[in-house]
Amino acid sequence: MKRTIFLIFLIILATSVMGVGTNFENAELIKPGSYSEQFSEENTALFYKLNIEPGEVGYFVLKENKNELVSDITYYLYSENYTLFDSGISPWNIKRFSWAPGLSEKGKTYFLKIKDKENNTNNFKKFFLNFSVYDMSDVKTGTDIGGEFDSALEVSEGILGGHLWGGGKFKESDNADMYFIHIPKNKDKKLTATITTKNDRINYPEGKIDIIFYDENHDEITRNEVSVYYPTGLDFLTYPNPIDLTKDLKPAPILSDELKIATPVIGEARNIFVKIIRYGDGIAYNLELDIEKVTEEEKYWAGLDELPYSNDEYSNSEFGIFNFFALIAKILSFLSLISFGLFLWAIIEILNSKNDNNWKWKWGLVSFFIPILGSGSYLIFGRKSRIKKNSDSKTNKTIENNNSESQEGKNTEQKEETTDTTDKKVLQVKQYIQTAKSKGMTENEIRKQLTDTGWPEELVRKVFE
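Using this note's numbering, you'd call the opening residue of the sequence shown number 1 and step up by one each time.
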């Protein structure tokens with residue numbers, strides 16, 4: 001019996017009967033929860049006061065019973081100075097009203113007026129009001145951290161939760177968040193950022209984000225982007241079975257990408273800025289920052305960037321050490337196009353010529369341009385296959401010798417992936433060697449540079465072959 005009385009008491013607490021508020025002055029202040037009310041002959045319009053703290057978003061749902069939406073009740077939303085900014089009729093019954101990021105450090109008060117659409121005093125309608133509030137600030141700071149360098153939030157390793165709001169009727173857009181993290185001096189460390197988008201009780205249909213690393217001088221280090229797609233049909237306004245927001249909700253399944261990028265190897269102590277920018281709809285996200293140990297391979301490839309000519313235009317050009325030959329190839333390719341046109345013209349003229357004295361010089365012209373046409377075509381269509389064949393024959397030996405012990409037991413797919421990556425890097429080193437030589441460095445000086453940056457001696461020897 002006592003247990004039954006206790007359960008009834010809990011049910012009464014769960015569904016509170018609100019006091020009567022008939023105007024702005026005596027509006028009933030309500031807290032998040034589920035409430036029950038009924039119109040009467042004296043009260044055909046009811047007023048409620050809602051307090052929203054910084055960083056919070058409020059929702060309300062009107063229901064006729066536990067499962068059915070109210071179909072003939074009108075609601076009105078007012079600001080704290082009694083200015084109407086929204087109204088509607090069920091079943092468009094769920095509205096968001098929130099503090100605008102970056103505009104205020106104080107909470108806001110809203111007034112909700114609910115009125116019987118038909119003013120039918122002979123059938124006083126009873127309804128339920130579910131009111132919910134969620135913290136949607138960045139890193140639970142109660143505010144928007146901002147997206148500029150001067151407003152960047154200092155953080156440490158861990159998972160950070162943030163939100164980028166879409167533009168809307170009641171608030172400004174929040175397009176970017178920026179953090180900065182201190183990396184201690186350590187040659188063997190790098191910063192890795194993993195960002196995962198999440199639903200977090202609000203349905204954003206689609207969006208795209210960029211994540212960017214900057215150094216302490218605000219120069220961009222690297223960036224990447226991820227597109228985000230959410231399941232359709234989850235918008236609270238059109239959901240076939242409206243969700244009771246007073247209960248704990250599990251985030252809807254997310255159909256999105258996980259983005260993971262890392263800075264180059266950090267040498268000196270540095271402050272790294274991480275910026276997240278949204279395009280399209282708003283996005284809720286988790287940003288995980290980790291200071292990780294780099295591998296030996298990452299160290300010596302990163303060491304290449306520290307060499308004096310690593311960023312030289314000559315070595316980073318499309319053709320690298322073959323820059324001169326690339327220029328010749330381009331010229332011959334252009335001439336081959338001209339010669340092809342002349343070749344067609346000469347053939348047509350010879351076939352149509354009635355003067356036997358002209359055929360000699362026309363055939364001579366054709367004979368002269370045929371070699372150019374052939375060599376140009378060979379340069380155009382054969383260059384890639386030649387480079388690939390040469391790189392395969394040389395660098396594959398390097399990879400097999402250098403990785404035979406460490407790669408033993410790995411499957412074929414992993415070997416092919418490693419081979420492809422290392423091929424490009426070995427070619428990059430060879431380009432650097434040629435550039436350094438063109439700047440007057442000797443082979444021994446270049447060897448010393450490479451070994452000083454962490455390159456294994458065996459691999460240094462191989463790239464000079």
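Glycine is no exception: its CB is placed at the ideal position from the N, C-alpha and C atoms.
Whole-angstrom distance between GLY147 and GLY161, CA atom to CA atom:
15 Å
Residues of its chain near THR222, where Cβ-Cβ distance is below 6 Å and the 5 sequence neighbours each way are ignored:
PHE213
Skipping 5 residues on each side, what residues in its chain have a beta carbon closer than 6 Å to that of SER151?
none
Straight-line CA distance for ASP215 to LEU450?
25 Å
What separation, rounded to the nearest whole angstrom, lies between the Cα atoms of LEU29 and SER36?
Looking at the backbone, the Cα of LEU29 and that of SER36 are separated by about 14 Å.
How many angstroms separate the CA atom of PHE464 from the CA atom of ILE211?
Answer to the nearest angstrom: the Cα atoms are 38 Å apart.
Please name the residue, chosen from SER137, THR263, ALA176 and LEU164, that lies closest to HIS182 on a Cα-to-Cα basis.
THR263
If I'm right that SER132 touches PRO54 with Cβ under 8 Å, what's the distance once you round it to whole angstroms?
About 17 Å; that fails the 8 Å criterion.
Secondary structure of VAL139, DSSP reduced to three states:
Annotated three-state conformation of VAL139 is helix, per DSSP.
Can you say whether GLU56 is buried or exposed, counting buried as having 16 or more other CB atoms within 10 angstroms of its CB?
buried
Residue span of the beta strand (DSSP E) that contains GLU37, given as start and end
Per DSSP, the unbroken beta strand (DSSP E) holding GLU37 starts and ends at 33 to 38.
Endpoints, the beta strand (DSSP E) within which GLU292 is located:
283 to 293
Once DSSP output is grouped into helix, strand and coil, what is the label at ILE338?
helix
Using 10 angstroms around the beta-carbon of HIS218, count the other beta-carbons present and answer buried if the total reaches 16, otherwise exposed.
exposed
For GLU443, the three-state DSSP class (helix, strand or coil):
helix
Can you give me the Cβ contacts of PRO32 inside the same chain, cut-off strictly under 6 Å, excluding the 5 residues immediately before and after it?
Residues PHE131, SER132 and VAL133 of the same chain have their beta carbon placed closer than 6 Å to that of PRO32, with the five preceding and five following residues left out of the count.
For GLU225 and MET441, what's the separation of their Cα atoms in angstroms?
40 Å
According to DSSP, residues forming a beta bridge with SER87:
TYR76
Using only CA atoms, which one of GLU349, THR143 and PRO184 lies nearest to ASP177?
THR143
Using only CA atoms, which one of ILE73, LYS63 and LEU112 lies nearest to LEU84?
LEU112
Quick check: the Cα distance between ASN271 and GLY158, rounded to an integer number of angstroms?
16 Å
Can you tell me where the beta strand (DSSP E) with LYS497 in it begins and where it stops?
Nothing in the structure corresponds to residue 497, since the chain is present only between 1 and 465.
Terminal residues of the alpha helix (DSSP H) in which LYS462 lies
457 to 463
Taking only the alpha-carbon atoms, compute the straight-line gap between GLU445 and ALA436 and give it to the nearest angstrom.
Here the alpha carbons of ALA436 and GLU445 stand approximately 9 Å from one another.
Which same chain residues, not among the five before or five after SER156, have their C-beta less than 7 Å away from its C-beta?
ILE181
Pull up the distance between the alpha-carbon of SER40 and that of LYS208, whole angstroms please.
Their Cα atoms are separated by approximately 50 Å.
From this set, LEU459, LYS63, ARG447 and GLU292, which residue's C-alpha is nearest LYS190's C-alpha?
GLU292
Roughly how many angstroms separate the alpha carbons of GLN38 and GLU25, rounded to a whole number?
20 Å
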